[in-house]
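Residues in the sequence shown are numbered consecutively from 20, following the working numbering. Every residue, glycine too, gets a C-beta built ideally from N, C-alpha and C. See structure below.
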Amino acid sequence: MSDSTIKLGPACPGCGEPWLRPTAVPARYRCLYCLRRFELVSVCPNCGEHSTIVRMSTTAIVACNHCQGSMLKAL
């Protein structure tokens, strides 16, 4: 397997590194690289489109279905 196919995790909206991980609190994430905290919101901050939050951390979608922007809000 080449390095280009390894997916470490979702990219942090703050620093861009692939170290965004779910916390013990539902819909909350922390970047292990820059240590910023984020909350998954139901209304896209970019386009205002409403989306249902899936709170299962392994299947959480952090991109807007409408504009593909981040559904994460910095805390």
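{"query": "Bounding residues of the beta strand (DSSP E) (the contiguous stretch that carries Tyr52)", "result": "Per DSSP, Tyr52 belongs to no beta strand (DSSP E) and is neither H nor E."}
{"query": "Ala89 classed as buried or exposed, judged by whether at least 16 other C-beta atoms fall within 10 angstroms", "result": "Before going further, note that residue 89 is Ser rather than Ala in the sequence given. So Ser89 counts as buried."}
{"query": "Opening and closing residue of the beta strand (DSSP E) in which Lys92 lies", "result": "91-93"}
{"query": "Chain-order list of residues whose beta-carbon lies under 7 Å from that of Leu39 (same chain, five-residue window excluded)", "result": "Gly28, Pro29, Ala30, Cys31, Tyr48, Cys50"}
{"query": "Heavy atom of the ligand FMN within 7 Å of Gly88 beta-carbon", "result": "Absence of the ligand FMN from the depicted structure is noted, as is the absence of any ligand whatsoever, leaving it without description."}
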